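Novice: Residue numbers (the working numbering): 7 to 102.
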């Protein structure tokens, strides 16, 4: 959440990011992308972990959602410049 919330909310963040559905979906999508950057993590393990944590997606699993139903999350990440056109993380915080 810290990456995806705006600067004002970051300053006040404690335990509740107070995000909307679009931002929440973007957080999940970015979490999966970033997992590929961590040694011994990767998206397959992240999919499994998210399913085990109880994340619920319309298609029944994190992987199915990521691969087939996450266009809104991708659009949000692109609009906020948190990924590039190749869906590679920008490694920056949301500014607005």
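Just so it is clear, CB atoms sit at the ideal spot from N, CA and C, and this is done for glycine as well. Here the structure is a predicted model, which is why all the values come from computation and not from measurement.
CB-CB under 7 Å to residue 13, same chain, minus the five flanking residues each way: which ones, in chain order?
Specialist: Mapped onto the chain shown, residue 13 falls at position 7. Contacts found: 101.
Novice: Taking contact to mean 3 or more Cβ pairs, one atom from each stretch, closer than 8 Å, check whether the region 51-66 and the region 14-24 are in contact.
Specialist: No: fewer than three Cβ pairs fall under 8 Å.
Novice: Is the separation between the beta-carbon of residue 34 and that of residue 76 shorter than 9 Å?
Specialist: As a working note, residue 34 is residue 28 in the chain shown. As a working note, residue 76 is residue 70 in the chain shown. Yes, these two residues count as a Cβ contact at 9 Å.
Novice: Measure the alpha-carbon distance for residue 25 versus residue 36 and round it to whole angstroms.
Specialist: By 1-based counting over the chain shown, the position of residue 25 is 19. By 1-based counting over the chain shown, the position of residue 36 is 30. So the two alpha carbons sit approximately 15 Å from each other.
Novice: By alpha-carbon positions, which one of 71, 65 and 20 ends up nearest to residue 38?
Specialist: As a first step, residue 38 must be located in the chain shown, where it is residue number 32. Closest by alpha carbon: 71.
Novice: Are the Cβ atoms of residue 9 and residue 65 separated by less than 9 Å?
Specialist: Your numbering for residue 9 matches position 3 in the chain shown. Your numbering for residue 65 matches position 59 in the chain shown. Contact flag unset, no.
Novice: List the residues that DSSP assigns as beta-bridge partners of residue 89.
Specialist: Along the chain shown, read from residue 1 onward, the residue named residue 89 stands at position 83. 95, per the DSSP bridge assignment.
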